[in-house]
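Notes to accompany the following structure.
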Amino acid sequence: MAAITVYGAVLSPYVARVLIACGYKGLAIDLMMPKDGIKGPEFLKLNPFGKIPAIKDGTTVLYEPAVIIDYLEAKYKKNKLLPAAAKAVGQTRLIAAIAAEYVQGVGLKFFRMKRTNQNVPADIEAAKGELHKGLDALENVMSGKKFAAGASPTIADCFVVPALFFAVHASAIFGVTDALGSRPKLKAYWQNARKDKVAGKILHGMTERMQQIIAT
Ligand SMILES: N[C@@H](CCC(=O)N[C@@H](CS)C(=O)NCC(=O)O)C(=O)O
377 MAAITVYGAV LSPYVARVLI ACGYKGLAID LMMPKDGIKG PEFLKLNPFG
427 KIPAIKDGTT VLYEPAVIID YLEAKYKKNK LLPAAAKAVG QTRLIAAIAA
477 EYVQGVGLKF FRMKRTNQNV PADIEAAKGE LHKGLDALEN VMSGKKFAAG
527 ASPTIADCFV VPALFFAVHA SAIFGVTDAL GSRPKLKAYW QNARKDKVAG
577 KILHGMTERM QQIIAT
């Protein structure tokens, strides 16, 4: 099987979702940034919005991570990332949605505040409140097992791992020392994720890149 081309870079949490899905499915990938940049004419033919990730798999070109992961799941039957039972599908998708909307969103808010040198105390406090609300909701729906939705990896992990990365590391820049706080399921999950072969490798790449960016 030829490798799937993934356009993007590891620090993007949207790209990381796809990399984690490929990792858990055991798919070979080539990760690269578009040669002429994400707003260059060649890449705009692949994704008219000029955003990463996009993939090329043979003649199939797609963008938007949830769409890409659904496609990979439908095409490559090995190592299923979506359960079969209706209730389990609901829980898996709910975990992914909360991570994407209410945890990653605020994590990225902290990161943008840092990158644009914004230090408005009221905004920082509001973001902290938002972060805790999102993490409380996520804690409630997590399975408490090794992976987000149960004993094996699912689409939920693809969303939760990058979301927690930004929630933990970007909020730390603004003095949040223990973002996961007294949330036992999230704490245990995060420890496991950092040691996990697939998630841990992506988290390592994200950490390295974030440190480089913050240092500049
Ligand atoms: N809705 C898009 C968002 C992707 C996205 O915003 N990617 C960022 C990288 S973290 C990007 O390419 N930003 C460039 C831009 O917005 O011009 C998706 O889920 O793929």
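The sequence shown begins at 377 in the numbering used here and counts up one residue at a time. Every residue gets a Cβ at the ideal spot worked out from N, C-alpha and C, and that includes glycine. Because the structure is a prediction, the values reported are computed rather than measured.
CB contact flag (residue i, residue j, <9 angstroms)
i	j	result
threonine 530	phenylalanine 541	no
valine 437	cysteine 534	no
leucine 556	leucine 511	yes
arginine 467	valine 517	The displayed chain sequence assigns glutamine, not arginine, to residue 467. In contact: glutamine 467 and valine 517 (Cβ atoms closer than 9 angstroms).
methionine 377	leucine 403	yes
glycine 426	lysine 415	yes
glycine 520	lysine 561	yes
proline 424	glycine 384	no
threonine 381	isoleucine 405	yes
glutamine 480	alanine 379	no
isoleucine 471	valine 536	yes
valine 386	proline 441	no
tyrosine 478	lysine 453	no
Neighbour-count burial assignment, residue i, 16 or more Cβ in a 10 Å radius
i	result
proline 538	buried
alanine 502	exposed
glutamine 567	exposed
glutamine 494	exposed
Residue i Cβ short of 8 angstroms to ligand 1 heavy atom set
i	result
tyrosine 390	yes
alanine 442	yes
isoleucine 414	yes
proline 429	yes
CA nearest to the CA of residue i, picked from the options
i	options	result
isoleucine 590	Ile405, Gly481, Ser547, Arg559	Ser547
tyrosine 400	Thr592, Ala575, Glu584, Met582	Ala575
Ligand 2 heavy atom lying under 8 angstroms from the CB of residue i
i	result
phenylalanine 425	This structure does not include ligand 2; its bound ligands are ligand 1.
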